[in-house]
Each structure stands twice: as C-alpha cells, then as structure tokens.
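Please read the structure below before turning to the comments.
In the working numbering, the protein residues as written are 1 to 307.
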C-alpha cells in the first residue's frame, strides 16, 4: 500500500459509481467499507438484486453496508467506528445527516457530474443535454448540509459533443470523476476550497415521466436535445398508430416536413418538427430491443405520422 494511502468509506449505488470504487482501490487506498442502496427487486422474478456498486465491492472482497437510512444513532455510530480518514460520495442516493458528514477525520467529498453551481441536484447529465449546454464536467466538492452547495476543490470540464446522448456522456463523466477524485485525494492538503458563486445556480430536478413525450410542434433542436438527453433512460417517446415508440438518438435535419410527419428513405427515418425535421438514428419499438435505425427499418414499415 502506498505511503499516502487513506482509509476511505465509499458511498455510491449506480453504475456511475463503479469506476470510482475501482480507481480508489487501484490507487492503493484502504476502502474500509462500501455503503450502497439496499438491493431492489428486479427482473421477471422480482428477486432482490444488489446495486452495481455492491456487486463490484463484493467481487473485490470489500465490506458492504446498505442501511435504509443514516438518520439513526446506531447507523451513525457504526459508520463513525470505522475510523475513516475521508468518505467519498458519488450518486449514493441517501441524505447524509451532519453527524455522518462530520464522522470521517477529513470530512466527506462528493463527485458531482456538472460544473457547479450549474445543475445541482439529481439529474445533472440529463439536464445539461436537454438544455443544450455546450460543456459540462465534474466537480469534487466538500459536502455540507445543503443540496450540492459545498465549496469545490477540483473541477474538470469537457465539451458536450454534437448529438451526444446522456448514456455516452454518463460514461465519459464517470471515468473523468474517477480520475479527478484520485487526483484530489493525492493533492488534498494543497487544494483550496472555492465557494460556489451565487450567480448561475440551476437545479437538475429528477426527470418526470411527463417530460418524455415528444411534442413535434417544438423547434428541431429542442426535440433533438430531449431525445438525446433522455437516452437511454427513461427514453423520449411518441405514439405511432397506438404503438409507443421509444426514440433513443436523433440529429437535426435540414428538411421541412409538417410536425410529426414521418418520412422513410434509403437514408433513414425523418420526422417533421415545428421548424424543420429530425433524423432518428436509433429507437426501440414496443416489446423489442433498442436498435440502430437501419436495422429497425429492415423489418418495419413505419406509419406516416407520429401522434
């Protein structure tokens, strides 16, 4: 183990957090415990399935804890008894009471997938693409009681590529966050916490299912941002002859069709918008797997109109 190794609690749940766990272990840190959301029923049999972080931690032979809450005195005492130097929190999903924030000797660091103070909250990657942002990044933040309000120790920026989906950006930011936290821990004593400015605060609210239906009368770029921003989950959708079609990637098209009008050509599937058209490059029909549009069109003749 390296001389600068720290005793770390890792707190995370989804796939986004897994590269962070791997990076901490590979950097030689002592991950003394992993906290994750409890297993949830999943699949056809609705059997309890561990979170991606729990599964990876168990494969690495690490202790995993998944309390339903950290508000109780017993859960807080169990965490404090670990004697951790620091806790690294990334997409954990539970509110951390002040007693938990104060338990590690050096406090708690959060990896947040936005350029704070823009897109504080639950869905920063979705919201950045849906809003048409040109760039995003990750911030290593000292945690405090407010929602993503703590001072920032380290930030890394990256352009959002043209027509990039949330799924693709998610993977890039996850890897970026893993690198950034290792750097932040190595430089911890030399980093100066920068308070977040009051200007530019936005909130990345959890995605509401009502947002996912495409309104074809809206401008082309808004529709492209919606489709790509909600891909792969929950997925923007539209009805075609009473079949719900999940639209998973799109690009702006220099054509002029009426809103919702569908045109199938040798080059793909095009749909009219309020001021032009979009090219649908992948989709998922009801009861089928997601597929590239060329594969979909080999076995499907679409109707002439989306509702």
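C-beta atoms are modelled at their ideal positions from N, C-alpha and C, and glycine is treated no differently.
Three-state secondary structure assigned by DSSP to residue i
i, result
"residue 2", "Interpretation of residue 2 is limited by its pLDDT of 44, a score under 50 that renders its predicted location unreliable; no figure is taken from the coordinates."
"residue 233", "coil"
"residue 263", "strand"
"residue 163", "coil"
"residue 171", "helix"
"residue 177", "helix"
"residue 10", "strand"
"residue 246", "strand"
"residue 241", "coil"
Range of the contiguous alpha helix (DSSP H) that encloses residue i
i, result
"residue 118", "Unbroken run through residue 118: none, as it is neither H nor E."
"residue 26", "18-26"
"residue 191", "Where residue 191 is concerned, there is no enclosing alpha helix (DSSP H), given that its DSSP letter is neither H nor E."
"residue 298", "293-298"
Alpha-carbon spacing of residue i relative to residue j, whole angstroms
i, j, result
"residue 251", "residue 218", "15 Å"
"residue 189", "residue 271", "54 Å"
"residue 80", "residue 4", "21 Å"
"residue 2", "residue 289", "Below a pLDDT of 50, predicted positions are generally treated as unreliable, and residue 2, at 44, falls in that range; no measurement from the model is reported."
"residue 140", "residue 64", "23 Å"
"residue 88", "residue 97", "15 Å"
"residue 134", "residue 161", "8 Å"
"residue 142", "residue 11", "14 Å"
"residue 297", "residue 268", "8 Å"
"residue 16", "residue 167", "10 Å"
"residue 83", "residue 126", "36 Å"
"residue 148", "residue 178", "18 Å"
"residue 184", "residue 20", "12 Å"
Counterpart residues of residue i in DSSP-defined beta bridges
i, result
"residue 279", "251, 270"
"residue 142", "109"
"residue 135", "159"
"residue 152", "141, 194"
"residue 43", "Per DSSP, none; premise fails for residue 43."
Enclosing beta strand (DSSP E) for residue i [first to last residue]
i, result
"residue 49", "47-49"
"residue 31", "30-35"
Test: residue i CB closer than 9 Å to a CB of chain D
i, result
"residue 33", "In summary, chain D is missing from the structure at hand, where a single protein chain is found."
Ranges of the beta strand (DSSP E) found wholly within the region 54-133, counting only runs of at least 3: 86-90, 108-112
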